[in-house]
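Encoded as structure tokens, the structure appears first; notes follow it.
Protein chains in written order, with the numbering used here: chain A, 21 to 76; chain B, 1360 to 1516.
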């Protein structure tokens, strides 16, 4: 019984987690982080805002 | 968008916020257009799968701005259909007001007090070769034993 409860808690934690992440090279040559991987690891201590453009 | 980030950092004091632009690899014009007018970081979502947009769905759409906290949890989103309007700016500021941590130098675990737990975390940072802005006590760009000594001095004083 306890095992079932523990499993359901662990399972629900995975379902309801809302964490996002990616780590890609900054391609903007005028950015201060050009060539570094963002947002992880460079901006880990930051509140990050992610703007989705329609262009490539 | 670049101007808005400057406003948040310089006028409002939210130094540790960043706006990252997410383009798509299948269209070539974005990079040059964007980079000519902005100093924001720019990453490319890989076409055709577009895994970042998939991850942020349903908010990974045209002109959406998604706000995440320090742990990568979504704390807000807004679609900027008419640019960064006054109401959009106020919305973002209200989110930051509730979630932004004003970090204290030496408070490595951000619990608003400096104690032995911060030293333990500081030692761990050094052992794994990691860095954190509020752990770099002497602002020399590296976290090492000199920073531990300064935190110890704060605790003892």
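Glycine included, every Cβ here is placed at the ideal spot set by N, Cα and C.
This structure is a prediction, so every number in the text was calculated from the model and none was measured.
Kindly indicate the opening and closing residues of the beta strand (DSSP E) around residue 70 of chain A. What you label residue 70 of chain A is simply residue 50 of the first chain in a count that begins at 1. Residue 70 of chain A -> beta strand (DSSP E) spans 67 to 72.
Backbone CA spacing between residue 1377 of chain B and residue 1411 of chain B [nearest angstrom]: Locating residue 1377 of chain B in the second chain gives position 18, counting from the first residue. Locating residue 1411 of chain B in the second chain gives position 52, counting from the first residue. Their backbone Cα atoms lie some 17 Å apart in a straight line.
Min CB distance residue 1446 of chain B to chain A below 8 Å: Locating residue 1446 of chain B in the second chain gives position 87, where the first residue counts as 1. Using a CB distance cut-off of 8 Å, residue 1446 of chain B does not count as an interface residue toward chain A.
So is residue 53 of chain A buried or exposed if we call it buried at 16+ other beta carbons inside 10 Å? Indexing the first chain from 1 puts residue 53 of chain A at position 33. Residue environment for residue 53 of chain A: buried (at least 16 other C-beta atoms within 10 angstroms of its C-beta).
Is any beta-carbon of chain B found at less than 8 Å from that of residue 73 of chain A? Along the first chain, read from residue 1 onward, the residue named residue 73 of chain A stands at position 53. Taking 8 Å as the CB threshold, residue 73 of chain A lines the interface with chain B.
Pick from B:1489, B:1509, B:1447, B:1505: whose alpha carbon is nearest that of residue 1437 of chain B? Locating residue 1437 of chain B in the second chain gives position 78, counting from the first residue. Nearest of B:1489, B:1509, B:1447, B:1505 to residue 1437 of chain B, Cα basis: B:1447.
Using a Cβ cut-off of 9 Å, pull out every chain A residue sitting near residue 1414 of chain B, in sequence order please. Looking up residue 1414 of chain B in the second chain gives position 55. Listed along chain A, the residues sitting closer than 9 Å to residue 1414 of chain B by beta-carbon distance are 40, 41, 42.
Per the DSSP calculation, residue 1377 of chain B is bridged to which residue(s)? Position 18 of the second chain, counting from 1, holds the residue named residue 1377 of chain B. Bridge partners of residue 1377 of chain B according to DSSP: A:68.
Residues in its own chain within less than 6 Å of residue 1383 of chain B by CB, not counting five upstream and five downstream? Along the second chain, one-based indexing puts residue 1383 of chain B at 24. Excluding positions up to five away in sequence, the list reads 1404, 1406.
With 9 Å as the limit, tell me which residues of the stretch 1449 to 1476 of chain B have their beta carbon closer than that to any beta carbon of chain A; keep them in chain order. Cβ contacts with chain A come from 1451, 1454, 1455, 1458, 1459, 1460, 1462.
Roughly how many angstroms separate the alpha carbons of residue 1461 of chain B and residue 1493 of chain B, rounded to a whole number? Here residue 1461 of chain B refers to the residue found at position 102 of the second chain. Here residue 1493 of chain B refers to the residue found at position 134 of the second chain. The straight-line gap separating the alpha-carbon atoms of residue 1461 of chain B and residue 1493 of chain B is approximately 10 Å.
Below 7 Å CB to CB, which residues in the same chain sit around residue 1497 of chain B once its five sequence neighbours on both sides are set aside? Translated into positions along the second chain, residue 1497 of chain B becomes position 138. Hits under 7 Å: 1505, 1506, 1509.
Return the Cβ separation of residue 67 of chain A and residue 1429 of chain B in integer angstroms, given the expectation that the two are a contact with Cβ distance under 8 Å. In the first chain, residue 67 of chain A corresponds to position 47, counting from 1. In the second chain, residue 1429 of chain B corresponds to position 70, counting from 1. Contact holds; Cβ gap of about 7 Å.
Per the DSSP calculation, residue 1435 of chain B is bridged to which residue(s)? Residue 1435 of chain B sits at position 76 when you count from the first residue of the second chain. DSSP lists B:1426 as the bridge partner or partners of residue 1435 of chain B.
Buried versus exposed, by CB contacts within 10 Å (16 or more), residue 1475 of chain B: For the purposes of this step, residue 1475 of chain B is taken as the residue at position 116 of the second chain. Burial call: exposed.
Within 8 Å, strictly: CB atoms of residue 48 of chain A and residue 1401 of chain B: In the first chain, the residue the question calls residue 48 of chain A occupies position 28. In the second chain, the residue the question calls residue 1401 of chain B occupies position 42. Less than 8 Å separates the beta-carbon of residue 48 of chain A from that of residue 1401 of chain B.
Could you tell me if residue 1486 of chain B is buried or exposed, where buried requires 16 or more neighbouring beta carbons within 10 angstroms of its beta carbon? In the second chain, the residue the question calls residue 1486 of chain B occupies position 127. Classification for residue 1486 of chain B: exposed.
Less than 8 Å separating the beta-carbons of residue 71 of chain A and residue 59 of chain A? As a first step, residue 71 of chain A is located in the first chain; it is residue number 51 there, counting from the start. As a first step, residue 59 of chain A is located in the first chain; it is residue number 39 there, counting from the start. In this structure, residue 59 of chain A does not lie closer than 8 Å to residue 71 of chain A by Cβ.
Is the shortest distance between the beta-carbon of residue 1399 of chain B and the beta-carbons of chain A less than 8 Å? Here the question's residue 1399 of chain B lines up with position 40 in the second chain. Yes, because at least one Cβ of chain A sits closer than 8 Å to the Cβ of residue 1399 of chain B.
Would you call the CB atoms of residue 1431 of chain B and residue 40 of chain A closer than 8 Å? Position 72 of the second chain, counting from 1, holds the residue named residue 1431 of chain B. Position 20 of the first chain, counting from 1, holds the residue named residue 40 of chain A. In this structure, residue 40 of chain A lies closer than 8 Å to residue 1431 of chain B by Cβ.
Any beta carbon of chain A sitting closer than 8 Å to that of residue 1408 of chain B? Numbered from its first residue, the second chain carries residue 1408 of chain B at position 49. So, not an interface residue.
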